[in-house]
Amino acid sequence: MLVDDFAGSGFVSALGTEWRTVTDTVMGGRSQASLRYDHVDGLRCLRLSGQVRLDNNGGFLQMALDLGVAGGTLDASKFNCLRLLVRGNGERYSAHLRTPDNLRPWQSYRAHFTALSRWCEIRLPLDGFQPHRVDATLDVSRLKRLGLVAIGRAFQADLAVAEIRFAS
Numbered sequence: 003m004l005v006d007d008f009a010g011s012g013f014v015s016a017l018g019t020e021w022r023t024v025t026d027t028v029m030g031g032r033s034q035a036s037l038r039y040d041h042v043d044g045l046r047c048l049r050l051s052g053q054v055r056l057d058n059n060g061g062f063l064q065m066a067l068d069l070g071v072a073g074g075t076l077d078a079s080k081f082n083c084l085r086l087l088v089r090g091n092g093e094r095y096s097a098h099l100r101t102p103d104n105l106r107p108w109q110s111y112r113a114h115f116t117a118l119s120r121w122c123e124i125r126l127p128l129d130g131f132q133p134h135r136v137d138a139t140l141d142v143s144r145l146k147r148l149g150l151v152a153i154g155r156a157f158q159a160d161l162a163v164a165e166i167r168f169a170s
C-alpha cells in the first residue's frame, strides 16, 4: 500500500493528506526544521533538514502525515512492515506511528533506523514498533499518523525520503 512516492505537487501525499513539519517549538524548544521537495541522485524526494537542539527541554523535529482521511484511520493489518526508501547523513532517525490510543502528544509506537549517505531500502517490521509512554499495544488496523523524526540528541538532521509504503 503506497503512502507516498512524492510524485504529486504540493505536500499532498498519495493518500490525499498533507505532509507538515512539527518541531519542539510547540513546547518551548529551539530546534529548527525545513521540509522541501528535492531531487537527490536522480530521485524525487521529500527532504527534512534542520538542527535538533536540546535547549529548553527540546530535542526533535519531524515530518508528519495523517494516515486517515478526514480524521479517520488507516488499516495496515494486511501488511507486516513499513518500507522506506531513504538517504541521509549517517544519523539515526525514528519512525513513529500513532493510533487513537495515543491521547497525549508524546505517546507513539517507535522504530529506529539509520539513513546512510546512499539510497537504501529500510524495512521496519510492524511488530517491532515499541510503545513509548503508552500501555496499549500497537493496533495496525487503526493507524492515525506517521512521523519520521530526528530526536533525542543535538545533531544536524538531513533525511531524504523517496518512497513510503506498507508492505508484506
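Mapping of the sequence shown onto this note's numbering: residues 3 to 170, in sequence order. Backbone N, C-alpha and C fix where the C-beta goes; we use that ideal spot for every residue, glycine too.
Query                                                                                                                        : Result
Residues of its chain near arginine 22, where Cβ-Cβ distance is below 6 Å and the 5 sequence neighbours each way are ignored : Ala66
Straight-line Cα distance separating lysine 146 from glycine 73                                                              : 8 Å
Selection from Val28, Leu150, Arg49, Arg85 that minimises the alpha carbon distance to alanine 97                            : Leu150
Three or more C-beta pairs below 8 Å linking the segment 79 to 98 and the segment 158 to 167                                 : yes
Candidates Arg55, Leu126, Arg38, Pro133: closest to methionine 29 by CA position                                             : Arg55
Beta-carbon proximity of proline 133 to tyrosine 111, cut-off 9 Å                                                            : yes
Distance between aspartate 77 and aspartate 103 (C-alpha atoms, nearest Å)                                                   : 15 Å
Where the beta strand (DSSP E) containing serine 51 begins and where it ends                                                 : 45 to 54
Continuous beta strand (DSSP E) stretch holding serine 96: start and end                                                     : 93 to 100
Contact belief for leucine 140 with threonine 101 at Cβ below 8 Å, rounded distance in angstroms                             : 7 Å
Reduced DSSP secondary structure (H/G/I, E/B, other) of methionine 3                                                         : coil
Unbroken beta strand (DSSP E) run spanning glycine 149, endpoints                                                            : 147 to 153
Which residues DSSP lists as bridging tryptophan 121, in chain order                                                         : According to DSSP, tryptophan 121 bridges with nothing at all.
Cross-strand partners of aspartate 2 (DSSP beta bridge)                                                                      : Missing from the structure shown is residue 2; the chain here goes from 3 to 170 and no further.
Reduced DSSP category for aspartate 160 - H, G, I as helix; E, B as strand; rest coil                                        : strand
Spatial distance of glycine 154 from phenylalanine 62 (CA atoms)                                                             : 6 Å
Outcome for serine 119 when other beta-carbon atoms lying within 10 angstroms are tallied against a minimum of 16            : exposed
Serine 51 versus Gly10, Arg85, Leu37, residue with shortest Cα-Cα distance                                                   : Leu37
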